[in-house]
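2 protein chains.
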Amino acid sequence: MEVTGHMPAQDAPRARSASIWDVARVAGVSQQTVSRVINGKARVSEATRARVLQVIAELGYRPNRLAQALAGGPVRSVTVLTSDTALYGAAATLRGMEEAARTAGFSVGISVLERTSGQADIALRLNRPGEAVMVIAFDDAGVRALRALPADVPVAAAVERRPDDGPDDPWQVWLDDRAAAAHATRYLLGLGHRTVHYVAIPSSTSALPQRTQGWQDALRAAGRPVPEPLPGGWSPRSGYLAVRSLLADRSVTAVLCGNDDLALGVMRAAREAGRDIPGDLSVVGFDDSPPSAYLNPSLTTVRLDFEGLGRACFGLLHRRLDPQNAPAVPAWSEPELIVRESSGPAPA
Amino acid sequence: MEVTGHMPAQDAPRARSASIWDVARVAGVSQQTVSRVINGKARVSEATRARVLQVIAELGYRPNRLAQALAGGPVRSVTVLTSDTALYGAAATLRGMEEAARTAGFSVGISVLERTSGQADIALRLNRPGEAVMVIAFDDAGVRALRALPADVPVAAAVERRPDDGPDDPWQVWLDDRAAAAHATRYLLGLGHRTVHYVAIPSSTSALPQRTQGWQDALRAAGRPVPEPLPGGWSPRSGYLAVRSLLADRSVTAVLCGNDDLALGVMRAAREAGRDIPGDLSVVGFDDSPPSAYLNPSLTTVRLDFEGLGRACFGLLHRRLDPQNAPAVPAWSEPELIVRESSGPAPA
DNA sequence: CTGAAAGCGCTAACAG
DNA sequence: CTGTTAGCGCTTTCAG
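Keeping their order, the protein sequence lines are chains A and B.
Taking the UniProt record's numbering, the leading residue of the first sequence gets 1, the next gets one more, and so forth.
Taking the UniProt record's numbering, the leading residue of the second sequence gets 1, the next gets one more, and so forth.
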């Protein structure tokens, strides 16, 4: 009784799903030919190709991506490193990345960074040394992860701001929220407000965050007093706490917020302080998160194209991995001020 | 000139990261012993173990998960199938799943279902036939994906409601929002409202959704009229449109909404119709999404423990994959009515 | 306790 | 155009 090397015993019909060998055997071709059909790279005669595809369908064969990758096939998976997906910006960026990656045939992994997570374990989250990575580095945890990544991993990142010094990193994308913050500030000054206060989101760098800087730019250019930025967090609660005492001062008539959640907290604090929005106080947010158009009052805010940024970030990575065939990196929209009900002329 | 089989030419120092063989060679042990140390399964003498660990650190060796999995190692990866992560419920569930999975040492992949995505390509999203999967099946796309999954893939799912007929699926988890909807409805009736209107989220099944059913339960039990449920979508806009005409009718004094976004739209419609909340009209939402506590007025809503549900779903999957060692499935919180400013006594 | 051998499913050379 | 031969890095047998 002879048994060919590769075939498992016939009487043990383990429910193992079809492999490339099964397809090859049934189709009466070599395993390599099946591989060729799958990848469409090399030319295969139309007859064989059809037969192989036929068998593939019959057997319900699905290529094993792990084996493909292990055998040195092209990289077709990315891991996204991000912190706190509860935040609108990160979540929307993630959506953009996932969509673009999936469309390009990549499988995407996700790993959430905790505030506490050290640098050491970052590499351990990758499925293999050198796996492609995207980092959403809007906050400190993300920036640290980006920095902790071994040099040999192909990475692209969505960051809060352009690098502090030296040339731009060609593998990073960001939104020009400095200009946007300046624009929003000028808009408020144009409404007759003497100055604008700013509630800041936490910074990802030691340097001055972009939004803070843009706000200062505009005030300085207009020769207005520049108040201390109010340190806020990411939540409505932190916005509420940041301005609660400030709002007793009726000379404060305009507040720009680092994000829409902060603005939500600020509006609540205003209500409790008996300030009317926008009659008494103008509030402007940042992000244009989905609820903002329906708030009471609806929120004037800066729309940021996070999804577009995420798509672009993947586009960058794709070009890095496969400069020959990757399509051009898609553009993303410029920030745009959306004027709604929460802002108006300064009180007389 | 002789070249040993396994070693690449010395003069071509390709930056290939250290493999288990490299560790073995440097440590002067067999490759298998290194494997034993890594996995901690079999016993290794303390001396060798220490030496191996030492070398691992020196070389910066990291196991290749792909190779581990391919070689038949234990399954340590899951992919999550979900639709529209822009929705709070899905996003929060995803967070819970990811956290639990990562904590248990699993890498997690994510693949977003589109409304249009057919059943055929579902299996193609998996990294290998038989990969473990979690499905967030709160809507139709998720339910279809769950159904389309090949029988041999180990799956656990977070679903909108218990299966229509037959016994509960032991690999599914859900929130008891039927009871919660009934509770919220009774609360409103207790406030003196004659009846309660309901703006529904889209259903994932042909059967009556849980929330709708709970709302009807409570009205019937109290012998009140049961209005037609108003079909809504997921967005504030759809809530706005659903009730715009209805609110002209002053006899409508209480509206329960299938989620907080709908409630947001309803509140805006109410404002435009000149209705006062809660003096004139009570609005109750569902989910307790982050902004709801800070809205104007703040929203009475049903808090749902999506993150806990996600963690439990992973716990279930873990037990399915490894019944021996997986810890008990963590419990999640019961829905809870959070009373805030948007609801009050019926107008006189 | 340790080592040697045989693959996991696939792709990348090479032959024909 | 097609088949053959090596591995990818690891885990599982099976022998010592």
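Idealized CB from N, CA, C, for every residue including glycine.
Residue i touches chain B at which residues, Cβ-Cβ below 8 Å?
i	result
A:M267	Y294, N296
A:V108	G109, I110, S111
A:P345	By Cβ distance, chain B contributes nothing, its closest Cβ being about 21 Å from A:P345, past 8 Å.
What is the DSSP secondary structure of residue i, reduced to helix, strand or coil?
i	result
A:P163	coil
A:I122	coil
A:I20	helix
A:S245	coil
B:Q324	coil
B:D217	helix
B:P236	helix
B:V29	coil
B:A151	coil
A:G315	helix
A:G308	helix
B:L188	helix
B:S342	coil
B:R178	helix
B:S204	coil
A:R128	coil
A:T212	helix
B:R62	coil
A:R36	helix
Bridge partners for residue i per DSSP, in chain order?
i	result
A:I277	In the DSSP output, where bridge partners are listed per residue, A:I277 has none listed.
A:R303	A:D287, A:E336
B:H193	Bridge partners of B:H193: none, in fact.
A:L230	A:V199
B:V173	B:A158
B:S282	B:A254
For the beta strand (DSSP E) holding residue i, just list the boundary residues, first then last.
i	result
A:V52	Careful: A:V52 lies outside any beta strand (DSSP E), inside the alpha helix (DSSP H) at 46 to 59.
B:V112	107 to 113
A:S77	77 to 83
B:L256	254 to 257
For a contact meaning CB atoms closer than 9 Å, what does residue i contact in chain B?
i	result
A:S17	R128, P129, G130, P150, D152
A:T85	T85, A91, L94, R95, E98
A:A123	G60, R62
A:A67	L66, L70, R128
A:P330	Chain B residues near A:P330: none, gap ~18 Å exceeds 9 Å.
A:R303	In chain order: nothing, as chain B lies at least about 15 Å away.
A:E335	The sequence given here has Pro at residue 335 of chain A, not Glu. Within chain B, no residue comes near A:P335; the closest Cβ sits about 20 Å away, beyond 9 Å.
Looking at the secondary structure, which residues open and close the alpha helix (DSSP H) in which residue i lies?
i	result
A:V143	140 to 148
B:I136	From DSSP, B:I136 is part of no alpha helix (DSSP H) but of the beta strand (DSSP E) over 132 to 137.
residue 353 of chain B	Given that chain B is displayed from residue 1 to residue 348, the structure contains no residue 353 of chain B and the question cannot be resolved.
A:V329	Where A:V329 is concerned, there is no enclosing alpha helix (DSSP H), given that its DSSP letter is neither H nor E.
B:Y88	88 to 103
A:L66	65 to 70
B:V266	260 to 272
A:S298	Careful: A:S298 lies outside any alpha helix (DSSP H) and carries neither H nor E.
Please compile the residues from chain A whose C-beta is within a distance smaller than 7 Å of the C-beta of residue i.
i	result
residue 350 of chain B	With chain B represented from 1 up to 348, any question about residue 350 of chain B goes unanswered, as that position is not in the structure.
B:P167	Simply none; closest approach about 24 Å.
Give me the chain A residues within the contact set of residue i, using Cβ-Cβ distance strictly less than 9 Å, ordered along the chain.
i	result
B:N64	L70, N127, R128, P129
Name, please, each residue of chain A whose Cβ falls closer than 8 Å to the Cβ of residue i.
i	result
B:R320	Those within 8 Å of B:R320 in chain A number zero; the least Cβ separation is about 16 Å.
B:R194	The premise fails here: B:R194 is roughly 26 Å from chain A at the closest Cβ pair, so nothing lies under 8 Å.
B:P327	The contacting residues do not exist; B:P327 stays about 20 Å from chain A at best.
Given 7 Å as the limit, tell me if residue i has its C-beta closer than that to any heavy atom belonging to the ligand PLP.
i	result
A:D305	The ligand PLP is not part of the structure shown, which contains no ligands of any sort.
For a contact defined as C-beta to C-beta under 7 Å, what are the partners of residue i on chain B?
i	result
A:P74	Per Cβ cutoff of 7 Å: no residues; A:P74 is ~14 Å from chain B at best.
Name, going along the chain, the residues of the stretch 251 to 281 of chain B whose beta-carbon falls closer than 8 Å to a beta-carbon of chain A. D261, L264, G265, M267, R268, R271
Residues, ordered as in the chain, of the stretch 215 to 240 of chain B that lie near chain A by beta-carbon distance below 9 Å: S235, P236, R237, G239, Y240
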